[in-house]
Every structure is written in C-alpha cells, then in structure tokens.
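Numbering (numbering that gives the first Met the number 0) for the sequence shown: 0 to 330.
As structure tokens, the structure follows; a few thoughts come after it.
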Amino acid sequence: MSLMQNEVYDITIVGAGPAGLFAGFYAGMRTAKTQIIESLDQVGGQVTTLYPEKTIYDVGGYAGIKGIDFISSLEKQVRLVDVEIKLSETVIDIFPEGDFYRIKTTEGETRTKAVILATGNGAFNPRRLAIDGLETIENKHLFYTLPKIETLVGKEVAVAGGGDSAIDIALMLEGVAKSVTIIHRRNEFRGMEHSVNQLLDSNVKVLTPYLINSVEKNHGQLSVGLKKVGEEVVEQYQYDDLIVNYGFISSNKVIKNWSLDVDQEHRMFVVNSLMQTNLKNVYAIGDGIEYDGKLRLIATAFGEGPMAVSQIMKALYPDKKGPLHSTAMFK
Ligand SMILES: Cc1cc2nc3c(=O)[nH]c(=O)nc-3n(C[C@H](O)[C@H](O)[C@H](O)COP(=O)(O)OP(=O)(O)OC[C@H]3O[C@@H](n4cnc5c(N)ncnc54)[C@H](O)[C@@H]3O)c2cc1C
Numbered sequence: 000m001s002l003m004q005n006e007v008y009d010i011t012i013v014g015a016g017p018a019g020l021f022a023g024f025y026a027g028m029r030t031a032k033t034q035i036i037e038s039l040d041q042v043g044g045q046v047t048t049l050y051p052e053k054t055i056y057d058v059g060g061y062a063g064i065k066g067i068d069f070i071s072s073l074e075k076q077v078r079l080v081d082v083e084i085k086l087s088e089t090v091i092d093i094f095p096e097g098d099f100y101r102i103k104t105t106e107g108e109t110r111t112k113a114v115i116l117a118t119g120n121g122a123f124n125p126r127r128l129a130i131d132g133l134e135t136i137e138n139k140h141l142f143y144t145l146p147k148i149e150t151l152v153g154k155e156v157a158v159a160g161g162g163d164s165a166i167d168i169a170l171m172l173e174g175v176a177k178s179v180t181i182i183h184r185r186n187e188f189r190g191m192e193h194s195v196n197q198l199l200d201s202n203v204k205v206l207t208p209y210l211i212n213s214v215e216k217n218h219g220q221l222s223v224g225l226k227k228v229g230e231e232v233v234e235q236y237q238y239d240d241l242i243v244n245y246g247f248i249s250s251n252k253v254i255k256n257w258s259l260d261v262d263q264e265h266r267m268f269v270v271n272s273l274m275q276t277n278l279k280n281v282y283a284i285g286d287g288i289e290y291d292g293k294l295r296l297i298a299t300a301f302g303e304g305p306m307a308v309s310q311i312m313k314a315l316y317p318d319k320k321g322p323l324h325s326t327a328m329f330k
C-alpha cells in the first residue's frame, strides 16, 4: 500500500467550482481534514472556463464582479484555511471500504470518511489541439485556460478560437501583452456582435481563416505553422505564448463508471434537504444535484456547502461544538 493510500481525510470534495471551493473553505473553518480534487489545472469550474470576463451581479455582497476576480477572491478565501487543493487530477472511482470511502484518481489513491460531490456538469476538459507531442510545452507556452495575466505582460501572445471567450481573452490582453493576435478558422467570429465590433476596432491582429498546422518550440519562442483554409502553404509565425480557446467538454462519463451507487435523476445526484445522497456520509452540492426547487446558481451552492459540511461534522465528531460564526475564527 502506498503512502498516499494511507492518507485519510475527513472530507473529500470532488470539484473546485464555486460550490466545491466554498464548501472547502467552510470545511477548513470547521477544522476538518479536507482535500478538494479538480480535473482542470485551475479552480473556478464554469466561471473560469466559460465566462471569466463576464460580470456576475447576483452573488451577495458584490454589486457586479468579473468572473475571474470573483474566483480569485474565492480562492483567497479558501487559502485562509488549511485545505489541500489538488489540480489536474480527476476522480475516476469512489468505492466504500468499511467506514471509509476509497478515492481513486488519475494520480493515486486516498481514503476519506465523507465525500462531497461538487461535480457540476461533470469533469471539464479543454478541447486540445490535434497535434502530437505538445505535452512538454503545455502550461509553459501553450495554454488551454487563461494563465495568470502577470505572466503575459510584455509578451507576444496568440489566441486561437472564434467564440466569445477567445475574443474576451484577446481584448483583455490588449495593453497587457506586447502584441495580441487572434487566429480563427472562419472569417466570421461566433462572439456577440458588440464584442466582435470591439475586437475589429482594437489593436488585436486578426488572422482568418487560418488553421493551426504545427506548434514547435524554437529558441525560447513558439513557432506556429498556420495554414490558410483551402490553401496548402504553411506560414510560420513566432509567438511567446499561445492560448487555445476551442471550448471545453464537460463529461459525466467518469462519474457514471464510479462504483458508488448514488441515486441519480437525469444525471443529477438526488439529495434531501440536508444535501445527503442515499449513501452514508456522501453529500452532493452545486449544479450537479437535484431536489425540489433547486436553482442552478452560485448563491444557492453557497448555502448548500455549509449545510453538507455541518451534517458531516455532526456525524463524524458529534462532540465537536459548532457551527461557529466566522467572526470568532479570524483575527
Ligand atoms: C455563461 C454562464 C453564465 C452564468 N452566469 C451566472 C450568474 O450570473 N450567476 C450565477 O449565480 N450563476 C451563473 N451561472 C451558473 C454558475 O456558473 C453555476 O451555477 C456554478 O458554476 C455551479 O458551480 P459548481 O461548483 O456546482 O459547478 P461547476 O462550476 O460546473 O464546477 C464543477 C467542477 O467539478 C469538476 N469535476 C467534475 N467532475 C470531476 C471529477 N470526476 N474529478 C475532478 N473534478 C471534477 C469540474 O472540472 C468543474 O471544475 C452561469 C453559467 C454560465 C454557463
């Protein structure tokens, strides 16, 4: 048995979207030994992957906040407490083992006393470039999610994609990066009209209709081979970084294969008013659950997390006092 298998957590949270992150904070605040496991290389779930540049207005306490800033604030909050966040790791199976659950991931195995499923629509994975051998430059020069903005200052950056998110990223980098180019396989962009107009009025260089044919690292830069649609000639362009935004595939396929026999309705976990599934110490919160009157909103998920954590703490540590007010916790 590996060291990792000996590791026993009180609570394992599957998914680091808004629901999982806030539940993680709350679990940490209640001093539960907690891990959050996320298949993507970034926290934030749908907010980070689908609308980082959009403004959210209906989360209590914010009269409008950009998705990316909202997630950054949530991440700061969870870092106030002692919780392990494991990124780029997918939970591929969960099975009961006596009083514990064994969590099998793409990286190894751990054990846990309780589970909170915060899986949203399933594990997110970016649509990748169909070119072999790019692993060595992934997350260094080639990105499928927006890296930290500071790392792009003064760089020559290319963004590939034609939807709203690709346009948002290109516009956001204008004035941050040394130069920004957007590459799209069609002449028409799929983004909203006003975003497309903003793009065409900006200093972002537009390369259409081009397909990415090759990507190679050359003298510290990326040499990107672009083929004009309908033509055979490959033109070479040099960039420091390439952000590919071809969208994300969210899949419940992995979850469907879990050994865990959790009640589901229309691929959603069925929970009661305490966020409990049909299995002992297995709870579910956020977009991936179903109960009468469920709203798929961040505000709702923020209530469900503390509910699940409190129930788990009551079951695992009946003598522990709580829930405490956070005002008594931090100086
Ligand atoms: C365009 C758009 C705009 C929106 N605007 C608003 C808004 O204004 N206000 C609002 O309240 N809501 C809004 N929403 C909805 C909101 O984003 C969701 O309600 C919220 O993201 C749900 O959070 P979650 O944590 O439950 O799920 P998600 O955000 O979907 O996160 C789930 C996470 O779990 C991970 N995961 C799943 N399975 C596994 C696994 N097996 N192993 C490891 N990780 C796994 C996924 O990769 C993902 O990161 C919007 C949604 C969209 C698409």
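Where is the CB? At the ideal position from N, CA and C, for every residue including glycine.
Here the structure is a predicted model, which means the values were calculated and not measured.
For residue 70, the CB stays at least 7 Å from every heavy atom of ligand 1. Residue pairing by DSSP places residue 142 opposite 242 in a beta bridge. Residue pairing of residue 264 in beta bridges, as defined by DSSP: 267.
With a beta-carbon spacing of about 5 Å, residue 288 and residue 270 fall inside the 8 Å limit used to define contacts. Per the C-alpha coordinates, the member of 328, 111, 191, 147 positioned closest to residue 167 is 191. Residues 280 of the same chain have their beta carbon placed closer than 7 Å to that of residue 314, with the five preceding and five following residues left out of the count. The straight-line gap separating the alpha-carbon atoms of residue 328 and residue 28 is approximately 8 Å. Here DSSP, grouped into helix, strand and coil, assigns residue 196 to helix. Restricting attention to 55, 60, 124, 113, the CA atom closest to the CA of residue 86 is found in 124.
Not one heavy atom of ligand 1 falls within 7 Å of the beta-carbon of residue 187. Check the Cα spacing between residue 254 and each of 309, 78, 121: the tightest is with 121.
The segment 50 to 59 makes no contact with the segment 101 to 109, as fewer than three CB pairs between them are under 8 Å.
Where residue 156 is concerned, the enclosing beta strand (DSSP E) starts and stops at 155 to 159. Taking residue 145 as the centre and dropping the five residues before and after it, the same chain places the C-beta of 51, 168, 242 closer than 7 Å to its C-beta, in chain order. Excluding five sequence positions before and after residue 185, the CB atoms of its chain that fall closer than 7 Å to its own CB belong to 161, 207, 208, given in chain order. By the neighbour-count criterion, in which a residue is buried when 16 or more other Cβ atoms sit within 10 angstroms of its Cβ, residue 94 is exposed. The segment 108 to 115 and the segment 197 to 217 do not touch, with fewer than 3 CB-CB distances between them shorter than 8 Å. Residue 130 has its alpha-carbon roughly 14 Å from the corresponding atom of residue 142.
The beta-carbon separation of residue 272 and residue 245, rounded to 40 Å, does not stay under the 8 Å limit for a contact.
Sixteen is the threshold: when 16 or more other Cβ atoms of the shown chains lie within 10 Å of the Cβ of residue 276, as they do, the residue is buried. Excluding the 5 residues flanking it on each side, residue 250 has same chain C-beta neighbours closer than 8 Å at 121, 122, 124, in chain order. Judged by DSSP in its simplified three-state form, residue 6 adopts coil rather than helix or strand. Of the heavy atoms belonging to ligand 1, none sits nearer than 7 Å to the Cβ of residue 6. Taken in chain order, the unbroken stretches of beta strand (DSSP E) that lie wholly in the segment 270 to 298 and span 3 residues or more are 281 to 283. Listed in chain order, the non-local C-beta contacts of residue 286 below 6 Å within the same chain comprise 119, 295, local neighbours out to five positions each way being set aside. Annotation for residue 59: 298 place their beta carbon closer than 7 Å to its own, counting only its chain and skipping 5 residues before and after.
Residue 18 sits away from residue 84, with the two beta carbons spaced by 8 Å or more. In this structure, residue 179 keeps its C-beta atom at 8 Å or more from the C-beta atom of residue 188. In the DSSP assignment, residue 250 falls within the unbroken beta strand (DSSP E) covering 247 to 250. With a cutoff of 7 Å, residue 117 counts as near ligand 1, since its C-beta is closer than that to a heavy atom of the ligand. Between residue 308 and residue 26, the beta carbon gap of about 5 Å places them in contact (Cβ cut-off 8 Å).
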